[in-house]
Amino acid sequence: MPIRHSSSTIFHWLENLSGAIASVCFPAGCLLCDQLLPDACRLPLCDNCLDSFQNIGPGSCDLCGQPGTFDPEFPKDLSFCPDCQRHRFAFQLARSYGLYKGPLARAIVLFKHEQIEPLGAWFASRLAELVQKEAERLAADVIVPVTLHRQRGRERGYNQVDVFGRPLARRLRLPYRPVLLVRSRPWPERHLLRTDEPWEAVRGAFAIREGGRVDNLRILLLDDVMTTGATLDACSRALREAGAKSVLGLTVARAGRPVTTFVTQR
Ligand SMILES: [Zn+2]
Ligand SMILES: [Zn+2]
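Position 130, counted from 1, in the sequence shown is what the numbering used here calls 152; the numbers after and before it change by one each time, with no gaps.
Here's what the structure looks like:
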């Protein structure tokens, strides 16, 4: 006797089949240089592109992580970059994985258009290594991502920081609080395409969501790129005012001034 399917059963079967096909990974090109990858599902970037990311190594500012070369004769307790000599950030310290240039900058821009989970996991691993290297100074109770203004978040449908923030929280076994910070003021239109975080655009632009509690917590504040530090500073200020014990900045990349020899002020 022939087996009869209702049209809805067949529809569901076809739907499941197409879902299964969509999740199979075919060889594909590196998202940055098109070199063919055997398994683009694992990580859609080739080894050459990954190796070209420039890490921020020793010699960067002890406070804000600004890359540079120190005068070895300069007293250690004054070994801060010109920014940190001029003013005090509201975060205790900040660290970044690499320089915001070349392929790393392009990889970060990809997140603004697409949630590439394997790349997010890869960045999370690098950031976890960074935290573990300075485990004591970067010890935190909770991870808080810098938020987008809700209007922009809604247009995009996600916050790009969550793509590496969630796996980072899992790796560090810390709670992740994606909705704690709110942006009360959007970026001014004229600054939307800029990455240099003008201070006047972010000053007072962040607040803690009503009912959000940060009393006495050590916060690991996460963002994709740090340039002037104005965004991390504005968020840190809001968190500190709400009672946070400390705020530590952590970003995938660091932009701003090119690698320089810090001018020492004696
Ligand atoms: Zn590549
Ligand atoms: Zn500094």
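Glycine residues also receive a C-beta, built at the ideal position from the N, C-alpha and C atoms. Just so it is clear, the structure is predicted and the values come from calculations on it, not from any experiment.
Item: Might you give, ordered along the chain, the residues of its own chain that have their beta carbon closer than 6 Å to the beta carbon of Phe186, omitting 5 neighbours on each side?; Value: Gly142, Phe145 and Ala146
Item: With Gly226 and Phe113 assumed to form a contact (beta carbons below 8 Å), what rounded beta-carbon distance in angstroms separates them?; Value: Their Cβ separation, rounded to whole angstroms, is 16 Å, which puts Gly226 and Phe113 out of contact at 8 Å.
Item: Where does the unbroken beta strand (DSSP E) through Asp245 begin, and where does it stop?; Value: Arg240 to Met248
Item: Hey, how far is the Cα of Leu261 from the Cα of Pro49?; Value: 45 Å
Item: Counting only runs of 4+ residues fully inside the segment 58-130, write out the alpha helix (DSSP H) ranges in chain order.; Value: 69-73 and 104-108
Item: For Gln154, does the count of other Cβ atoms within 10 angstroms reach 16, so buried, or fall short, so exposed?; Value: exposed
Item: Do you know whose CA, among Ser206, Gly265 and Ala116, lies nearest Asp255's CA?; Value: Ala116
Item: Taking all protein chains shown into account, do 16 or more other C-beta atoms lie within 10 angstroms of the C-beta of Asn77, making it buried, or fewer, making it exposed?; Value: exposed
Item: Whole angstroms is fine: what's the gap from His109's alpha carbon to Leu244's?; Value: 21 Å
Item: Is the CB-CB distance between Ala277 and Val247 below 8 Å?; Value: yes
Item: Could you check if Cys257 is buried or exposed, using at least 16 other CB atoms within 10 Å of its CB as the buried criterion?; Value: buried
Item: Taking the continuous beta strand (DSSP E) assigned at Ser147, which residues delimit it?; Value: That residue, Ser147, is in no beta strand (DSSP E); its alpha helix (DSSP H) goes Glu139 to Lys155.
Item: For ligand 1, is there a heavy atom less than 7 Å away from the beta-carbon of Cys63?; Value: no
Item: Measure the beta-carbon distance from Leu205 to Phe228 and round it to whole angstroms, keeping in mind my assumption that it falls under 8 Å.; Value: Correcting the residue identity first, residue 205 is Arg in this sequence and not Leu. The Cβ separation is near 6 Å, so the contact holds.
Item: With a threshold of 16 other CB atoms inside 10 Å of the CB of Pro8, please say whether the residue is buried or exposed.; Value: The structure shown has nothing for residue 8, since the chain only spans 23 to 288.
Item: Counting only the same chain and skipping the five closest in sequence on each side, list residues whose C-beta sits under 7 Å from that of Thr169.; Value: Asn181, Leu203, Val204 and Arg205
Item: As a quick check of your reading: which residues have a C-beta less than 6 Å from at least one non-hydrogen atom of ligand 2, in chain order?; Value: Cys83, Leu85, Cys86, Gln88, Phe102, Cys103, Asp105 and Cys106
Item: In the DSSP assignment, find the alpha helix (DSSP H) that holds Gly187 and state where it starts and stops.; Value: Gln182 to Leu194
Item: Could you tell me the distance, in whole angstroms, from the CA atom of Thr273 to the CA atom of Val131?; Value: 14 Å
Item: Excluding the 5 residues preceding and the 5 following Arg148 in the sequence, name in chain order all residues of the same chain whose CB lies nearer than 6 Å to its CB.; Value: Tyr119
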